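Residue numbers (this note's numbering): 18 to 606. Glycine included, each C-beta is placed from N, C-alpha and C at the ideal position. What you are looking at is a predicted structure, and each value in this text was computed from that prediction instead of being measured.
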RNA sequence: GCGCCGGUAGCUCAGCUGGAUAGAGUACUAGACUACGAAUCUAGUGGUCGGAGGUUCGACUCCUUCCCGGCGCGCCA
């Protein structure tokens with residue numbers, strides 16, 4: 018069962034049928050390309066004047082034993098002009114098609130306006146998939162690095178679901194481990210201030226940072242032994258699930274969870290499954306002991322693990338010499354649960370690229386332990402978020418909490434842009450729009466770059482929202498919304514699409530045509546950045562159209578109707594596309 | 001030492017599984033609001049695609065090698 022893209026685009030399908038037919042007349046006995054393949058091969062030519070869609074005949078050369086230019090010339094002869102094909106030209110190895118505006122309107126603008134365009138299934142036979150993303154630790158700070166993961170994960174989920182892939186979501190917060198002990202240790206032994214009434218989660222993160230630093234500073238001093246003793250005592254209580262530190266863990270853990278949930282709510286993220294490290298912890302160790310007794314694991318230097326040196330992955334430690342497990346141990350138990358409990362066929366892990374080796378080992382271990390689905394486990398890696406002065410660290414004290422970014426972005430939007438509507442808008446409207454635009458800036462900013470690229474986060478740069486940005490796309494949408502509102506768009510009015518004769522109009526329609534093509538490709542490659550680029554391009558094309566073509570004062574009522582419909586359709590595409598990134602499309606801003 | 005990821009215009013990045021003249025944003029310069037919203041638009045300046053080989057009709061894209069930067073390699077997560 019391999020996923021396949023369907024022939025979802027009506028314009029491409031229409032052309033593909035005609036090309037296929039021509040191909041049959043040129044080479045009657047050879048089936049060289051299926052209609053679906055031709056559909057997928059149709060691309061926008063580099064130059065707008067060349068046409069709407071181009072077909073490069075390269076793949077046919079071998080089978081037809083002809084040079085590409087000869088093939089395109091021959092095919093051109095066999096393609097008749099009709100109500101769809103307005104013009105065909107053979108340009109070297111390419112066949113350039115100009116589609117009649119009437120056909121474009123019927124096959125693109127109308128389906129967008131009545132919503133049919135967005136109901137198509139783009140990919141078939143996709144395996145039932147689970148994606149795990151956002152794996153923050155409790156008791157630590159939630160910073161802008163976590164934001165990238167969250168935005169990417171959310172966008173991938175929305176895109177893939179839109180394309181027709183069954184996608185189940187899960188998160189795996191780290192609520193046990195030494196970081197918890199460090200936070201509690203500092204809180205209990207060194208902190209004197211009470212926890213604040215609001216923002217307990219953020220405050221707890223600071224407790225961890227301070228604890229971590231103090232412990233580091235005191236290593237090598239007489240204090241060290243005492244610190245270790247205290248930490249061990251805390252960890253023991255947490256493990257035995259009793260005592261004052263266990264109670265404190267439960268209380269403080271909830272503070273962190275409340276913070277996570279607040280951020281998830283802000284982002285519009287909702288997980289189907291919440292897996293906790295504390296939940297898989299002991300089960301994972303038991304599972305490893307079972308595997309060890311079955312001879313699937315080996316003892317080495319007092320610890321237990323799996324020798325993966327034959328796979329060039331070294332030795333994978335699974336049970337420490339003190340009998341406890343590690344991160345990898347839990348990941349194996351968790352994978353087992355995903356496979357068995359949820360019956361998934363494919364498993365995605367959106368985790369930063371530093372874990373590449375870890376996941377290679379986990380997947381290989383799963384394979385050796387007999388999990389067939391291991392071959393369909395994929396680590397979706399992304400590069401991390403840094404600051405201009407290097408990596409974020411407690412030591413440098415330069416960690417930027419997620420909530421800081423959100424609040425500063427909202428404040429900037431209000432002060433620099435929304436202030437002009439003072440007196441005109443209510444405070445509630447002001448706040449709502451500020452939140453929407455801030456989301457646009459943050460989410461677009463986090464997803465627009467390829468995942469392999471490092472993000473150097475500079476708050477001041479981020480607050481300058483000009484040029485290619487989420488708000489740029491949102492602004493185009495808001496302007497269209499305003500236009501539609503003012504000019505009174507009537508969706509029942511029949512439009513004569515052939516009136517759309519301006520090059521800017523054609524270019525825009527052509528762009529709208531490829532919405533599903535772009536989304537299908539982005540979804541299959543798990544590349545939200547492709548959606549960003551597409552939306553930005555559409556917004557730019559709209560801006561040109563908007564500048565070139567008067568709508569309200571169009572020459573005739575018919576032209577006005579057609580243009581308004583085109584604008585409205587563009588608004589729908591932008592809103593839908595932004596939605597795939599989890600970004601709201603405000604009606605005004 | 002081995003491995004992973006980057007190296008495209010001053011800066012930040014696109015460039016789809018090799019294909020039609022390397023594109024945007026930003027910065028800079030010069031223009032456009034009594035206009036359907038200027039968070040906008042138009043034009044210009046700016047690149048030996050890290051270096052060198054190779055494969056191909058064709059390479060930013062694939063292969064080899066080297067250089068620069070980041071990260072990862074057994075009891076942290």
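By the Cβ-count criterion, residue 98 is exposed, with fewer than 16 other Cβ atoms from all chains shown falling within 10 Å of its own Cβ. In its chain, beyond the 5 residues on either side, 401 have a beta carbon closer than 8 Å to the beta carbon of residue 371. The bridge partners DSSP lists for residue 71 are 60, 113. The three-state secondary structure of residue 48, taken from DSSP, is coil. Runs of the beta strand (DSSP E) lying entirely within the region 167-237 and spanning at least 3 residues, in chain order: 184-188.
Under the three-state reduction of DSSP, residue 364 is assigned to strand.
When Cβ pairs closer than 8 Å are counted between the two stretches, the region 208-220 is seen not to touch the region 160-179, the count staying below three.
Judged by DSSP in its simplified three-state form, residue 426 adopts helix. Taking C-beta atoms under 8 Å as the contact rule, residue 399 and residue 468 qualify, at a distance of about 4 Å.
Straight-line spacing of the CA atoms in residue 285 and residue 83 works out to 55 Å. Within the same chain, and ignoring the five residues on either side of residue 137 in sequence, the residues whose Cβ sits closer than 7 Å to its Cβ are 25, 533.
Using a Cβ-Cβ distance cut-off of 8 Å, the region 409-419 and the region 372-384 are not in contact, since fewer than three pairs of beta carbons, one from each stretch, lie closer than that value. Note on residue 166: 16 or more other CB atoms within 10 angstroms of its CB, so buried under the neighbour-count rule.
When secondary structure is reduced to three states using DSSP, residue 448 falls in the helix class. Residues 203 of the same chain have their beta carbon placed closer than 6 Å to that of residue 227, with the five preceding and five following residues left out of the count.
Annotation for residue 504: 568, 569, 581 place their beta carbon closer than 7 Å to its own, counting only its chain and skipping 5 residues before and after.
Contact between the region 271-280 and the region 448-465 is not established, with fewer than three Cβ pairs separated by less than 8 Å. When only Cα atoms are considered, residue 63 and residue 73 end up about 12 Å apart.
In the DSSP assignment, residue 549 falls within the unbroken alpha helix (DSSP H) covering 545-565. Membership of residue 398 in the beta strand (DSSP E) is indicated by the continuous run 394-399.
With 16 or more other Cβ atoms from the protein chains shown falling within 10 Å of its own Cβ, residue 495 counts as buried. In the DSSP annotation of this structure, the continuous segment of the alpha helix (DSSP H) that includes residue 575 starts and ends at 574-597. In this structure, the CA atom of residue 573 is about 30 Å from the CA atom of residue 491. In the three-state reduction of the DSSP assignment, residue 323 falls in the strand class. Distance from the Cα of residue 341 is smallest, within the candidate group 253, 271, 418, for 253. Around the CB of residue 46, fewer than 16 other CB atoms lie within 10 Å, so the residue is classed as exposed. Contact between residue 396 and residue 323 fails: their C-beta atoms lie close to 18 Å from each other, not under 8 Å. The three-state reading of DSSP puts residue 154 in strand, counting E and B together. Using a 10 angstroms sphere on the CB of residue 433, the tally of other CB atoms stays under 16, which defines it as exposed. DSSP, read as helix, strand or coil, puts residue 462 in helix.
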